[in-house]
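Novice: Sharing a structure below in structure tokens format, with a few things to ask.
2 protein chains.
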Amino acid sequence: MIVYGRNVLEEVLKSHHPVKMVYLRKDEKDRPSQLIEKLKKLNCPFTFVPDKKLAELCGEAKNQGVVVDLEFRYADESEIKGDLVVLLDHINDPHNLGAIARTALAAGAGAIVIPKDRSVGVTPSAVKVSAGTLLRIPVVKVTNLPRTIDDLKERGYWVYGADMEGTSIYEEDFRPPVALVLGNEGEGLSRLVKQKCDQLIAVPMYADIDSLNVSVSAGIILFEMARKMRKVGR
Amino acid sequence: MIVYGRNVLEEVLKSHHPVKMVYLRKDEKDRPSQLIEKLKKLNCPFTFVPDKKLAELCGEAKNQGVVVDLEFRYADESEIKGDLVVLLDHINDPHNLGAIARTALAAGAGAIVIPKDRSVGVTPSAVKVSAGTLLRIPVVKVTNLPRTIDDLKERGYWVYGADMEGTSIYEEDFRPPVALVLGNEGEGLSRLVKQKCDQLIAVPMYADIDSLNVSVSAGIILFEMARKMRKVGR
């Protein structure tokens, strides 16, 4: 997978995804560079190429002189950890996956779970929207989301599904560990997933309006969970 | 401005934006249609055209057989009202404008204020992302955002600016009326706007991460304001 940008490289170097090659702008060679020191120290392969080649590699001229070819590795189901886990029930838009990953990490989530089929996977554009954070949070691909929900319940997680018909998030205590399932952009949660959830919750609307963008909903719900779980403020 | 989709038309009809023409798929003529009854009742001009023409008009084949040509009208500065107002300090991405408008309306905001220059305006794609809600909330275009902040302060609004260095939103009481200023995607709040704000506030992060997508931040902050202002839940 090709990704680009200096911040994204920083995230790559903190992650467990193997780097095949870091491509740097030629003039990086001729000046003192902390970046190169760091790459040497980490035994990370790098090479210098002209601007034109960088733009060719990533399809974007504004790449900050850094393009990375990495081997993205999905995490194993055994790596689902932490007291807050996010499951995505067939999200289609890479922008939503990217924004949700960034928000989930910021709220202290330990993993993101996506189904293998009919779901967006980790793509370069999702990584870009996530500001590289998709490389830092474990992303687990499962064949059967309802079965993963069962597993989480057995492990003691209370599994919430986001659904317009649910009870208000402000009425919930959110005792950890919890999992949050977010549905597809148009369709919401699938029938079986909805049945499997311990409880359905909703963001209350203060105007005559049906729903929010799924990444905005995710932000409001995850931070309300975090506020109560971490006992922050009032 | 050309917009499309059945839900968007519903929003148009609830709004004050004059409709130049509603284009409907030809077969709508040959069956009982509540939509046509409604358009007749509202004295709204409509006509029937082939699918191909609809796709041509809006540049999208998935238009649900409804394309609307309307005259979008920005609201006047005197129409800034309600106990919650959102100001956007040079937002560039129409997706962010659309998602923020939808969230602002859902949180009970009375108006959105954008600057005339170096800011995205209301475009068809912003309307689409907002699910038509950009047509329902007054959008005010001002020449000088810092002056509008001064005006709001004179009218009794407490003006908050979203900034990483601000105090936690969970420490604030948010006594209405309040205004929230959100900064540009990359740069944040501009220097002068930051100075003009009564107070800077931030969403606390639970991991080593700099910031959230601006529309996600907007959602978390606006719904925390609404929760406290409307005294909802605990």
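Protein sequences, first through last, are from chains A and B.
Under our numbering, the first residue of the first sequence is numbered 1, with each subsequent residue one higher.
Under our numbering, the first residue of the second sequence is numbered 235, with each subsequent residue one higher.
Yeah, the Cβ is synthetic: ideal placement off N, Cα and C, and Gly gets one too.
Of the residues that make up the segment 7–29 of chain A, which ones have a beta carbon closer than 8 angstroms to any beta carbon in chain B?
Specialist: Residues: none.
Novice: Whole angstroms is fine: what's the gap from F280(B)'s alpha carbon to D163(A)'s?
Specialist: Taking the straight line from one Cα to the other gives about 36 angstroms.
Novice: Inspect the beta-carbon positions of A107(A) and A226(A) and report whether they are closer than 9 angstroms.
Specialist: Yes, the Cβ-Cβ distance between A107(A) and A226(A) is below 9 angstroms.
Novice: For M463(B), name the three-state secondary structure that DSSP assigns.
Specialist: Residue state, collapsed to three classes: helix.
Novice: Is N447(B) closer than 9 angstroms to D323(B) when the C-beta atoms are compared?
Specialist: Not in contact: D323(B) and N447(B) (Cβ atoms no closer than 9 angstroms).
Novice: Below 9 angstroms between beta carbons: does that hold for P372(B) and K430(B)?
Specialist: Cβ atoms of P372(B) and K430(B): not closer than 9 angstroms.
Novice: Please name the residue, chosen from Y23(A), R155(A), C44(A) and V85(A), that lies closest to N63(A) on a Cα-to-Cα basis.
Specialist: Residue Y23(A) is the option with its Cα nearest to N63(A).
Novice: In chain order, what residues of the same chain have a beta carbon less than 7 angstroms from the beta carbon of E245(B), not counting five sequence neighbours either side?
Specialist: G366, T367, L369 and R370.
Novice: Using the rule of at least 16 other Cβ atoms within 10 Å of the residue's Cβ for burial, across every protein chain shown, is R240(B) buried or exposed?
Specialist: Exposed, because fewer than 16 other Cβ atoms sit within 10 Å of the Cβ of R240(B).
Novice: When you compare only the Cα positions, how much space is there between V68(A) and H95(A)?
Specialist: Distance between the alpha carbons of V68(A) and H95(A): 20 angstroms.
Novice: Which of the three DSSP states is assigned to L24(A) in this structure?
Specialist: If DSSP states are grouped into helix, strand and coil, L24(A) belongs with the strands.
Novice: Can you name, in chain order, every residue of its own chain whose Cβ lies under 7 angstroms from the Cβ of E172(A), other than the five neighbours on each side?
Specialist: Excluding sequence neighbours, E172(A) sits near I201.
Novice: Please report the Cβ distance between A218(A) and T103(A), rounded to the nearest whole angstrom; I am assuming they are in contact, meaning their Cβ atoms lie under 8 angstroms.
Specialist: Rounded, the Cβ-Cβ distance is 6 angstroms, consistent with contact.
Novice: According to DSSP, which residues form a beta bridge with Q199(A)?
Specialist: Per DSSP, Y160(A).
Novice: Between K41(A), F174(A), L39(A) and G65(A), which lies nearest to P50(A) when the distance is taken from Cα to Cα?
Specialist: Of K41(A), F174(A), L39(A) and G65(A), the residue nearest in Cα terms is G65(A).
Novice: Strictly under 9 angstroms for the Cβ-Cβ distance: is T337(B) near chain A by that measure?
Specialist: Chain A contact via Cβ: present.
Novice: Here's the rule: buried if 16 or more other CB atoms are within 10 angstroms of the residue's CB, otherwise exposed. What is A345(B)?
Specialist: It is buried - the Cβ of A345(B) has at least 16 other Cβ atoms within 10 Å.
Novice: Does the distance from the C-beta atom of C235(A) to that of V3(A) stay below 9 angstroms?
Specialist: The shown model of chain A, from 1 to 234, leaves out residue 235(A), and the question about it has no answer.
Novice: Per DSSP, A75(A) is paired with what?
Specialist: Beta-bridge pairing links A75(A) to V140(A).
Novice: On the DSSP bridge list, what partners appear for V8(A)?
Specialist: Paired residue(s): none; V8(A) is not in a bridge.
Novice: Please confirm if L212(A) has its CB atom under 9 angstroms from at least one CB of chain B.
Specialist: For L212(A), the answer is yes, since a Cβ of chain B falls inside 9 angstroms of its Cβ.
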